[in-house]
Amino acid sequence: MRISDFGAPLMVAWQFTRECDLACLHCCTDSSPAGRMADELNLEESLRLAGEIAAAEVPYVLFGGGEPALAPHFFSVAETLGKAGVYLKVETNGQRFGAEAVARLARLPVRSIQVSLDGAGQESYGKLRPAASWDAAVAACRRIRDAGLPLEISFAPTRFNIGEAEAVMDLALELGAFRFNTGELMCLGRAARFWDSLEPTSQDYGQFLKLLERKTGELAGRLELCFQPFSLREAARAWLQEPSGTLMVRPDGKVPVAAALSFICADVRRDGLAGAWDSYREACASAEVGRAMAALICKDLPVIV
Ligand code: SF4
Numbered sequence: 683m684r685i686s687d688f689g690a691p692l693m694v695a696w697q698f699t700r701e702c703d704l705a706c707l708h709c710c711t712d713s714s715p716a717g718r719m720a721d722e723l724n725l726e727e728s729l730r731l732a733g734e735i736a737a738a739e740v741p742y743v744l745f746g747g748g749e750p751a752l753a754p755h756f757f758s759v760a761e762t763l764g765k766a767g768v769y770l771k772v773e774t775n776g777q778r779f780g781a782e783a784v785a786r787l788a789r790l791p792v793r794s795i796q797v798s799l800d801g802a803g804q805e806s807y808g809k810l811r812p813a814a815s816w817d818a819a820v821a822a823c824r825r826i827r828d829a830g831l832p833l834e835i836s837f838a839p840t841r842f843n844i845g846e847a848e849a850v851m852d853l854a855l856e857l858g859a860f861r862f863n864t865g866e867l868m869c870l871g872r873a874a875r876f877w878d879s880l881e882p883t884s885q886d887y888g889q890f891l892k893l894l895e896r897k898t899g900e901l902a903g904r905l906e907l908c909f910q911p912f913s914l915r916e917a918a919r920a921w922l923q924e925p926s927g928t929l930m931v932r933p934d935g936k937v938p939v940a941a942a943l944s945f946i947c948a949d950v951r952r953d954g955l956a957g958a959w960d961s962y963r964e965a966c967a968s969a970e971v972g973r974a975m976a977a978l979i980c981k982d983l984p985v986i987v
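Put into structure tokens, the structure is as follows:
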């Protein structure tokens, strides 16, 4: 099946806000406590988009950020989608993901809650996430599982924490996660500015990949390890074979063709979901975007077109 066969996205990846309670060194979206975009979709605009997603029978919406639950209208939008039968995934740093948030989400069709846990303890975790509490993130994981919600853990490898990957996988299993997501660190956003101090060596990555292959066998049937495509280069290669069926929406409603490209192909505020999906498919077929994707394979860096 190709994206031209689909009248609507297979998934909407909605970067709900740029605001975050943390300012992690490796953040690929440059989110921070001061990071709300000037023109983020408001409640009314977000509900309109949620209505269009439900009407188009998009099966699945992923909420990312920033920290999505910090936006005052997050739950109104999540509940609108959930009540319409749309499955949800929510990405969180877990710092303030308290009992009330968990209880509200537990009433909805939640496919998973993903908590970022990129350290086996406070030392490495706190280096990457200044002012963040590892205990709070772990407590959020337990709260999510205790509420019967499916838990995923994400791990961003850097030179500070890559040696702790196995311990975090084992912890993910103990916490009751069903999936562990990782891949090469992306040279985007704030991570690009701290790249020299963050980027693992190629030797580190080689050992990391061997570990992932070994643990895939060891943990089979208990914890799924997701690490393909591993790098932006591999993602670009896969995209050139067949563009993704996911429509990405930024907090201001702009639609990028892909996370690593600054090429904006639509605006849901102006075009609505259907218009944005048409523009996305048109952009995917353009030679200009194809060239930019091909350049990513060579550079592994964000490309401005
Ligand atoms: S990495 Fe996640 S938690 Fe950290 S600043 Fe970025 S969005 Fe916030």
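Numbering (the numbering used here), first residue to last: 683 to 987. A virtual CB, placed ideally from N, CA and C, is assigned to each residue, including glycine.
Return the chain-ordered list of same chain residues with a C-beta closer than 7 Å to the C-beta of residue i, the five sequence neighbours on each side being excluded.
i: residue 761; result: 790
i: residue 732; result: 759, 762 and 763
i: residue 714; result: 702 and 705
i: residue 735; result: 694, 743, 763, 768 and 955
i: residue 946; result: 936, 937 and 938
i: residue 728; result: 755 and 759
Check whether the Cβ of residue i sits closer than 7 Å to any heavy atom of ligand 1, and report yes or no.
i: residue 775; result: yes
i: residue 907; result: no
i: residue 702; result: yes
i: residue 705; result: yes
i: residue 714; result: yes
i: residue 875; result: no
i: residue 711; result: yes
i: residue 686; result: no
i: residue 904; result: no
i: residue 749; result: yes
i: residue 811; result: yes
i: residue 815; result: no
i: residue 798; result: yes
With DSSP as the reference, label residue i as helix, strand or coil.
i: residue 898; result: helix
i: residue 870; result: coil
i: residue 784; result: helix
i: residue 923; result: helix
i: residue 792; result: strand
i: residue 737; result: helix
i: residue 777; result: coil
i: residue 851; result: helix
i: residue 815; result: coil
i: residue 861; result: strand
i: residue 937; result: strand
i: residue 701; result: strand
i: residue 798; result: strand
i: residue 759; result: helix
i: residue 930; result: strand
i: residue 912; result: coil
i: residue 693; result: strand
i: residue 970; result: helix
i: residue 729; result: helix
i: residue 837; result: strand
i: residue 884; result: helix
i: residue 960; result: helix
i: residue 745; result: strand
i: residue 714; result: strand
i: residue 820; result: helix
On the criterion of 16 or more Cβ atoms from any shown chain inside 10 Å, does residue i qualify as buried, or is it exposed?
i: residue 932; result: buried
i: residue 936; result: buried
i: residue 843; result: buried
i: residue 812; result: exposed
i: residue 700; result: buried
i: residue 891; result: exposed
i: residue 777; result: buried
i: residue 980; result: exposed
i: residue 908; result: exposed
i: residue 856; result: exposed
Could you name the residues of the same chain whose beta carbon sits closer than 8 Å to that of residue i, not counting the 5 residues immediately before and after it, in chain order?
i: residue 684; result: 924
i: residue 724; result: 755
i: residue 876; result: 707 and 708
Go through its chain and collect everything with a Cβ distance to residue i's Cβ below 6 Å, but skip five positions before and after it.
i: residue 825; result: 784
i: residue 745; result: 696, 698 and 772
i: residue 986; result: Below a pLDDT of 50, predicted positions are generally treated as unreliable, and residue 986, at 39, falls in that range; the measurement from the model is reported next regardless. Contacts found: 944.
i: residue 949; result: 935 and 936
i: residue 809; result: 842
i: residue 669; result: No statement about residue 669 is possible, as the shown extent of the chain runs from 683 to 987 and does not include it.
i: residue 740; result: 690, 691 and 694
- prompt: Using 8 Å as the threshold, is the segment 869-886 in touch with the segment 703-711, meaning 3 or more CB pairs across them?
  reply: Enough Cβ pairs lie closer than 8 Å, so yes.
message: Taking 8 Å as the cut-off, does the segment 822-841 touch the segment 795-809 (at least 3 CB pairs, one atom from each stretch)?
response: Verdict: yes, contact present.
query: Between the segment 857-868 and the segment 910-926, are three or more C-beta pairs nearer than 8 Å?
result: Yes: at least three Cβ pairs fall under 8 Å.
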